[in-house]
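Novice:
Residue numbers (my numbering), protein chains in the order written: chain A, 1 to 339; chain B, 1001 to 1339.
(1) Check the Cβ-Cβ distances between residue 252 of chain A and every residue of chain B, and say whether any is below 8 Å.
(2) Is residue 265 of chain A close to chain B, meaning its C-beta is less than 8 Å from at least one C-beta of that chain?
(3) Could you tell me the distance, in whole angstroms, from the CA atom of residue 356 of chain A to the CA atom of residue 207 of chain A?
(4) Give me the residue from A:8, A:189, A:155 and A:83 with the minimum Cα distance to residue 299 of chain A.
(5) Using the three-state DSSP reduction, which class does residue 1286 of chain B fall into: helix, strand or coil?
(6) Can you find a C-beta in chain B that's less than 8 Å from the C-beta of residue 341 of chain A?
(7) Any residues in the region 1060 to 1081 of chain B with a beta carbon nearer than 9 Å to a beta carbon of chain A? Which ones, in chain order?
(8) Going by the CB atoms, is the gap between residue 12 of chain A and residue 33 of chain A shorter than 8 Å?
(9) Listing by chain order, which chain A residues have their CB less than 9 Å from the CB of residue 1232 of chain B?
(10) Taking one C-beta from the region 177 to 192 of chain A and one from the region 74 to 87 of chain A each time, how about it: are there three or more such pairs within less than 8 Å?
(11) Does residue 322 of chain A pass the burial test, meaning 16 or more other C-beta atoms within 10 Å, or should it be called exposed?
(12) Threshold first: 3 residues or longer. Then list the beta strand (DSSP E) segments lying entirely within the region 1087 to 1159 of chain B, N to C.
(13) Which residue's Cα is closest to the Cα of residue 1092 of chain B: B:1038, B:1291 and B:1173?
(14) Check this for me: beta carbons of residue 219 of chain A and residue 177 of chain A, under 8 Å apart or not?
(15) Please confirm whether residue 1240 of chain B has its beta-carbon closer than 8 Å to some beta-carbon of chain A.
(16) For a quick check, are the C-beta atoms of residue 1213 of chain B and residue 235 of chain A less than 8 Å apart?
(17) For the putative contact between residue 276 of chain A and residue 283 of chain A, defined by C-beta atoms under 8 Å, what is the C-beta separation to the nearest angstrom?
(18) List, in order along the chain, the chain A residues whose C-beta lies closer than 7 Å to that of residue 1248 of chain B?
(19) Count the other CB atoms within 10 Å of the CB of residue 77 of chain A; is the residue buried (16 or more) or exposed (fewer)?
(20) Out of B:1014, B:1095 and B:1198, which has the shortest C-alpha to C-alpha gap to residue 1156 of chain B?
(21) What I want to know is whether the C-beta of residue 258 of chain A ends up closer than 7 Å to one or more non-hydrogen atoms of the ligand NAP.
(22) Indicate whether at least one CB of chain B lies closer than 8 Å to the CB of residue 173 of chain A.
(23) Could you work out which residues of chain B lie near residue 188 of chain A, taking near to mean beta carbons separated by less than 8 Å?
(24) Skipping 5 residues on each side, what residues in its chain have a beta carbon closer than 7 Å to that of residue 1329 of chain B?
(25) Return the CA-CA distance between residue 1014 of chain B and residue 1041 of chain B, expressed in angstroms with no decimal places.
(26) Check whether the region 159 to 178 of chain A and the region 127 to 137 of chain A touch, using three or more Cβ-Cβ pairs below 8 Å as the test.
(27) Taking the beta carbon of residue 1232 of chain B as the centre, do at least 16 other beta carbons fall within 10 Å, making it buried, or is it exposed?
(28) Between B:1045, B:1064, B:1066 and B:1063, which lies nearest to residue 1057 of chain B when the distance is taken from Cα to Cα?
(29) How is the beta strand (DSSP E) around residue 218 of chain A delimited, first residue to last?
(30) Give every residue of the same chain whose Cβ lies closer than 6 Å to the Cβ of residue 1306 of chain B, excluding the five residues on either side of it in the sequence, and list them in chain order.
(31) Indicate whether residue 227 of chain A and residue 142 of chain A have their beta-carbon atoms separated by less than 8 Å.
(32) Would you check if the distance between the CB atom of residue 140 of chain A and the CB atom of residue 160 of chain A is smaller than 8 Å?
(33) Given a cut-off of 8 Å on the beta-carbon distance, is the pair residue 1274 of chain B and residue 272 of chain A in contact?
(34) Measure the CB-CB distance between residue 181 of chain A and residue 1146 of chain B and report whether it falls below 8 Å.
(35) With a threshold of 8 Å between beta-carbons, can residue 1276 of chain B be considered close to chain A, or not?
(36) Taking 8 Å as the CB-CB limit, is residue 1216 of chain B close to chain A?
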């Protein structure tokens, strides 16, 4: 299996990008191709013992930054590390693409300039996977489509379920929940109510509306929302848990007994952090494009990069793209035939 | 000042409702009127020393439960404790109404059967106030309108700003932020982009889009959203921080040193809890109805009930209703005159 990794993705690229790729190649014997500035990549690679590893470099004369507008990247930077890596996926020279770079850019380059979308997919969805008390839950869409239509939401649900089943090993019939402001039927906004109505008619394991508290109680394997609401959920979770952590930190400093007890608990707190941190999973699959594309945070460290490569490996092993290609038209046809 | 308190609101009514009202009457010398089952209220009141307090009882033969549908309550329970208390507000026999009961029902009874909306208000908005590192922030709408239009959002912003200024003492020119998935101009869904465009043209202290992390960094005094997204934000915050707390609790139990350190920190953790708990504030103002209406959680204890009564007191002292009545038409007129 060959994974193309954008070496110019993280905020401090190519340091963590190259390091993470080396870790992935070493731990899972993956063949990794790094795209980006050849000189810089070579300089980084020289820091590690790569004996016995298969790591190639493909030079890319351009790099996309976080400030580049997705709309102008296509024509403006046709030789970027993203373009070159994604072209390899398109041309079957690589099985997957991993980047910690500009999400909008990766989406645009994939959709408009390289692999394109899977036939029948209305809109690709950005997904996030993170474990709730150890059990992986996939959230889709978390940011690709700020406005959505019910039919798109149904596809997000289906693609998320396929990913859960094939790449996360959740179960053979993942529970699909629709993120809503109330679990009762009829709750939600117009989009949610219309989507719920369609999902209920399809041969999917639709468990109905789920509120955030149910999401954190493992009552769904796939949590479906439009990209705006999904993004707010994820960012609120991150900001809210950080806010609580900061409060604990400040409060503990109030007296010497608490400060000492807090010091004793430092390893416990850092263990908790790795368990609840959404970035630990390393990458978000962009579902619906015609190739495996995993996008991570710009602030990722080498562990997050490595984990994103592992995420790509799972998606490739689960043959996600072909399963979406096959099942999606079946379900959508059903949708049209059932009144 | 006379505050009408629904004694039949909490899940275990009238215990916490009556207790909270007694605390409020005692601490702030407020005149409280309890509406509900007279016998039950008298039995509860007898538990406390009410010497020197002004606490009246107005009997209500009916009570609304959490399971009653808002749509059928109006005609079905015209003599409920909510109807009777809100009629007192309408008839100027009380200055405010406080309930821990069914939110949808309180909304419906206020809007359709008693006080109605303030002239010019498109839709009332449910708001939540909670302190971010000690500084009160008002979120509006957090649940009254699952679907919203830009003009409604502008009114939510204005009503929230008036509340912040007059009842929370935030500043004379509260910073209004529009909850979005990115802070850059042009981010957000269609509703957010259209609302931002209008807000930018008005004489308001509009600071632009705010992401959840900025909300938790005190970068806005008023956080505006539609009721669906606002509700998801609030519930994700609550569920996410509880999830983190539960993780800490479980992790600390892993060994004896951590367990002991955790025991020493128990008072610190509970201090943090009271600071980050959204229910501590006690009640959410329903803005835009023609009277002060504060709605709290059904699970409230006596402290939350007391705090909700205090919230009502602040809203009355700030003369919120009249300020909305005066400023709203001015701003809306401006909206029509400016292209």
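Heads up, the beta-carbon is just placed ideally off N, CA and C, and yes, glycines get one too. The model shown is predicted, which means the values in this text are computed figures rather than measured ones.
Specialist: Reading off the structure:
(1) As a working mapping, residue 252 of chain A is identified with position 252 in the first chain. Among the CB atoms of chain B, one or more fall inside 8 Å of the CB of residue 252 of chain A.
(2) On the first chain, position 265 is the one that residue 265 of chain A refers to. Judged by the 8 Å Cβ criterion, residue 265 of chain A is in contact with chain B.
(3) This structure does not reach residue 356 of chain A, given that chain A is present from 1 up to 339, and the question cannot be answered.
(4) Indexing the first chain from 1 puts residue 299 of chain A at position 299. Of the candidates A:8, A:189, A:155 and A:83, A:8 places its Cα closest to the Cα of residue 299 of chain A.
(5) For the purposes of this step, residue 1286 of chain B is identified with residue 286 of the second chain, where counting begins at 1. Residue 1286 of chain B falls in the strand class under three-state DSSP.
(6) The shown model of chain A, from 1 to 339, leaves out residue 341 of chain A, and the question about it has no answer.
(7) Of all residues in the region 1060 to 1081 of chain B, none has a Cβ within less than 9 Å of some Cβ in chain A.
(8) Position 33 of the first chain, counting from 1, holds the residue named residue 33 of chain A. Position 12 of the first chain, counting from 1, holds the residue named residue 12 of chain A. Their beta carbons are not under 8 Å apart, which means residue 33 of chain A does not touch residue 12 of chain A by this criterion.
(9) If you number the second chain from 1, residue 1232 of chain B lands on position 232. Contact annotation for residue 1232 of chain B against chain A: 179, 180, 181, 211, 212, 225, 229, 232, 233 and 236 [CB-CB distance below 9 Å, chain order].
(10) Because the criterion of three Cβ pairs below 8 Å is not met, the region 177 to 192 of chain A and the region 74 to 87 of chain A do not touch.
(11) As a first step, residue 322 of chain A is located in the first chain; it is residue number 322 there, counting from the start. Answer is exposed; the Cβ neighbour count stays below 16.
(12) DSSP runs (the beta strand (DSSP E)) wholly in the region 1087 to 1159 of chain B: 1096 to 1099, 1125 to 1132 and 1135 to 1140.
(13) In the second chain, the residue the question calls residue 1092 of chain B occupies position 92. Ranking B:1038, B:1291 and B:1173 by CA distance to the CA of residue 1092 of chain B puts B:1291 first.
(14) Position 219 of the first chain, counted from the start, is the residue given in the question as residue 219 of chain A. Position 177 of the first chain, counted from the start, is the residue given in the question as residue 177 of chain A. Against a cut-off of 8 Å, the Cβ pair of residue 177 of chain A and residue 219 of chain A comes out as a contact.
(15) Counting from one through the second chain, the residue named residue 1240 of chain B turns up at place 240. Yes, its Cβ sits closer than 8 Å to a Cβ of chain A.
(16) On the second chain, residue 1213 of chain B is found 213 positions in, with the first residue counted as 1. On the first chain, residue 235 of chain A is found 235 positions in, with the first residue counted as 1. Against a cut-off of 8 Å, the Cβ pair of residue 235 of chain A and residue 1213 of chain B comes out as a contact.
(17) In the first chain, counting from the first residue as 1, residue 276 of chain A sits at position 276. In the first chain, counting from the first residue as 1, residue 283 of chain A sits at position 283. Not a contact, Cβ separation roughly 17 Å.
(18) Along the second chain, read from residue 1 onward, the residue named residue 1248 of chain B stands at position 248. Here the neighbours are 272.
(19) As a position in the first chain, residue 77 of chain A is number 77, starting the count at 1. Counting C-beta atoms within 10 angstroms of its own C-beta, residue 77 of chain A has 16 or more neighbours from the protein chains shown and is therefore classed as buried.
(20) The residue given as residue 1156 of chain B occupies position 156 in the second chain. The candidate whose alpha carbon is nearest that of residue 1156 of chain B is B:1198.
(21) No copy of the ligand NAP occurs in the structure displayed, which carries no ligand at all.
(22) Residue 173 of chain A sits at position 173 when you count from the first residue of the first chain. No, no contact with chain B.
(23) The sequence position of residue 188 of chain A within the first chain is 188, counting from 1. For residue 188 of chain A, the neighbours in chain B by C-beta distance under 8 Å run, in chain order, 1146 and 1228.
(24) Taking the second chain and counting its residues from 1, one reaches residue 1329 of chain B at position 329. A distance below 7 Å between beta-carbons, with the five flanking residues on each side excluded, links residue 1329 of chain B to the following residues of its chain, in chain order: 1120.
(25) On the second chain, residue 1014 of chain B is found 14 positions in, with the first residue counted as 1. On the second chain, residue 1041 of chain B is found 41 positions in, with the first residue counted as 1. Straight-line Cα distance between these residues: approximately 6 Å.
(26) Because the criterion of three Cβ pairs below 8 Å is met, the region 159 to 178 of chain A and the region 127 to 137 of chain A touch.
(27) The residue you call residue 1232 of chain B lines up with position 232 of the second chain. Label assigned to residue 1232 of chain B: buried.
(28) Start at 1 with the first residue of the second chain, and residue 1057 of chain B comes out as number 57. Per the Cα distances, B:1045.
(29) Taking the first residue of the first chain as position 1, residue 218 of chain A is located at position 218. From DSSP, residue 218 of chain A is part of no beta strand (DSSP E); its letter is neither H nor E.
(30) Position 306 of the second chain, counting from 1, holds the residue named residue 1306 of chain B. Taking C-beta separations shorter than 6 Å and ignoring five residues to either side along the sequence, the partners of residue 1306 of chain B in its chain run 1020, 1023 and 1024, following chain order.
(31) Within the first chain, residue 227 of chain A is the residue found at index 227, counting from 1. Within the first chain, residue 142 of chain A is the residue found at index 142, counting from 1. Against a cut-off of 8 Å, the Cβ pair of residue 142 of chain A and residue 227 of chain A comes out as a contact.
(32) Stepping through the first chain from its first residue, residue 140 of chain A is reached at position 140. Stepping through the first chain from its first residue, residue 160 of chain A is reached at position 160. Yes, they are a contact pair.
(33) Taking the first residue of the second chain as 1, we reach residue 1274 of chain B at position 274. Taking the first residue of the first chain as 1, we reach residue 272 of chain A at position 272. Their beta carbons are not under 8 Å apart, which means residue 1274 of chain B does not touch residue 272 of chain A by this criterion.
(34) For the purposes of this step, residue 181 of chain A is taken as the residue at position 181 of the first chain. For the purposes of this step, residue 1146 of chain B is taken as the residue at position 146 of the second chain. For residue 181 of chain A and residue 1146 of chain B, yes; Cβs fall inside 8 Å.
(35) Translated into the one-based positions of the second chain, residue 1276 of chain B becomes position 276. At least one CB of chain A lies nearer than 8 Å to the CB of residue 1276 of chain B.
(36) The count along the second chain starts at 1 and reaches residue 1216 of chain B at position 216. At a cut-off of 8 Å between C-beta atoms, residue 1216 of chain B counts as an interface residue with respect to chain A.
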